[in-house]
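Written below as structure tokens is the structure these notes are about.
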Amino acid sequence: MKRFKMLLNANFSGPQAWLLLAIRRGYVADAGIELEFTPGTGAYNAAPGLVARDFDLAYGDLNSLIEVAAAEPERAPTCVYALFNASAAAVAVPAGSPIATPADLKGTHLIGHASDVGLRTFRAFAEATGLDPDSVRVETADGAMAELVARLDSERGPHGLFGYVSTITAALAAQGKDAATQLRWLRYDRYAPFFYGSGFMASPRVIAEEPEALTRLVAAINRGVVEALADEEAALDAVLSFAPEADREVERIRWKTTLGVELAHPDGERLGLGMIDAARFTESVRRHASAQNLPRVPATERLFSARFLPPAAELARTRQTQGAVA
21 MKRFKMLLNA
31 NFSGPQAWLL
41 LAIRRGYVAD
51 AGIELEFTPG
61 TGAYNAAPGL
71 VARDFDLAYG
81 DLNSLIEVAA
91 AEPERAPTCV
101 YALFNASAAA
111 VAVPAGSPIA
121 TPADLKGTHL
131 IGHASDVGLR
141 TFRAFAEATG
151 LDPDSVRVET
161 ADGAMAELVA
171 RLDSERGPHG
181 LFGYVSTITA
191 ALAAQGKDAA
201 TQLRWLRYDR
211 YAPFFYGSGF
221 MASPRVIAEE
231 PEALTRLVAA
241 INRGVVEALA
251 DEEAALDAVL
261 SFAPEADREV
271 ERIRWKTTLG
281 VELAHPDGER
291 LGLGMIDAAR
301 FTESVRRHAS
311 AQNLPRVPAT
321 ERLFSARFLP
331 PAAELARTRQ
341 TQGAVA
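Each residue of the sequence shown is one higher than the one before, counting from 21 in the working numbering.
Dropping the structure here:
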């Protein structure tokens, strides 16, 4: 039995249902692998955390991976399964706000957690939409998502909040509130569709020394993805088996919102989840590297490898009819 140390994006929750289902149904164990999890502190911290703390595997944001690969090309992980093929990020504004498009953000004040994906990729988002990123005051803020939502003020500011659509929606649902009536979204997947979201990454050591085990693990994970998409209740059962204190209906909202945003890009049907569109990903790398003024632009083949994926016919396929989010 191979034992791998894996850094997660956060604590166990609905958007990880695919991984937890693969474990619960024994697919990971059948692959001869045992995973030792460490909960993370945000998707943007996964790639740098793998390098800094010598993890074998990580699950987190691919834009952060671009930054790590630019700074430490020899130590950076490689994505071997690009699950979330669209950005989960958004700017949330009050439903009655005059802000309706990215152009309306000029002169506004936005807040978000320091490691928030939307905040960290805002410059590329702004440049792609014709907005001068320096015309917006961006400030980091601590606190739970629902608390940050409560701070929004269309007149005095802060005018908007960076966050995942699923995270903010679930945070409000846990308080009995409906994000659909309280907020309007400027979603990155709509205004900057070149962005990818989170993926499953492996360290250079695992790729070099354990390629067969990694191939088996990716196949097991892919099976979990296929079955989580097909059976919502089984997916939620898996989440609750790892996080028994969680509210099932809140996690249902989190999972369904994930399906409707970061798993809803048409590439999920065209190519299958796990695979990238090379031209689109290369554009994403170029835009993010330019916006962040990175020391180098990592090659696409350094950031993503398809060699560990199952055959294309076995990849999970998604349709945009599932879990639509306004």
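Glycine residues also receive a C-beta, built at the ideal position from the N, C-alpha and C atoms.
Note that the structure is a prediction, hence the values are computed from the model and not measured.
For R176, DSSP assigns no beta-bridge partner whatsoever. D209 sits buried, since 16 or more C-beta atoms from the chains shown fall within 10 Å of its C-beta. In the DSSP assignment, R337 forms no beta bridge with any residue. When the alpha-carbon of N313 is set against those of L181, R140, L130, the nearest one is in R140. Note on M21: under 16 other CB atoms within 10 angstroms of its CB, so exposed under the neighbour-count rule.
About 6 Å separates the beta carbon of I53 from that of F24, a gap short enough to meet the 8 Å contact definition. Taking C-beta atoms under 8 Å as the contact rule, D50 and A240 qualify, at a distance of about 7 Å. For Y64, there is no enclosing beta strand (DSSP E), since its DSSP letter is neither H nor E. With the rule of 3 Cβ pairs closer than 8 Å, the segment 244 to 263 does not count as touching the segment 216 to 225. Distance between Y64 and D81, taken at the CA atoms: about 5 Å.
Put simply, the backbone Cα of C99 is about 9 Å away from that of S218. Per DSSP, the unbroken alpha helix (DSSP H) holding T201 starts and ends at 199 to 202. Contact between A254 and L41 holds: CB atoms are separated by about 6 Å, below the 8 Å threshold. Collapsing the DSSP output to three states places V111 in a strand. Close CB contacts of A123 within its chain, under the 8 Å cut and outside five residues either way in sequence, are with T149, G150, L151 (chain order). For L77, the uninterrupted beta strand (DSSP E) segment begins and ends at 77 to 81. Judged by DSSP secondary structure, E159 falls within the beta strand (DSSP E) whose first and last residues are 157 to 160. Contact between the segment 24 to 36 and the segment 197 to 215 is not established, with fewer than three Cβ pairs separated by less than 8 Å. Around D287, the same chain offers N105, D297 as residues with beta carbons nearer than 6 Å, after the five sequence neighbours per side are excluded. Looking at I119, E334, L203, the one whose alpha-carbon comes closest to that of A170 is L203.
Contact between the segment 68 to 75 and the segment 167 to 182 is absent: fewer than 3 CB-CB pairs across the two stretches fall below 8 Å. CA-CA distance, R45 to S325, rounds to 26 Å. Under a 10 Å Cβ-count criterion, G127 is classified as exposed, with fewer than 16 other Cβ atoms of the shown protein chains found around its own Cβ. A direct Cα-to-Cα measurement between G196 and L77 gives close to 36 Å. For A319, no beta strand (DSSP E) run applies, since DSSP gives it neither H nor E. With contacts defined by Cβ atoms closer than 8 Å, A37 and W275 form a contacting pair.
Residue nearest to I86 within the set E303, E334, R337 is E303 (criterion: CA-CA distance). Taking 8 Å as the cut-off, the beta carbon of G280 is found no closer than this to the beta carbon of L335.
One alpha carbon belongs to V185, the other to A110, and they sit about 6 Å apart. Taking C-beta separations shorter than 6 Å and ignoring five residues to either side along the sequence, the partners of S117 in its chain run S174, following chain order. In the three-state scheme derived from DSSP, where H, G and I count as helix and E and B as strand, V100 is classed as strand.
Boundaries of the alpha helix (DSSP H) harbouring A240: 231 to 250, taken from the DSSP string. Nearest in C-alpha terms to N31, of all of V48, L55, E56, G60, is G60.
S33 is classed as buried because its beta carbon has at least 16 other beta carbons within 10 Å across all chains shown.
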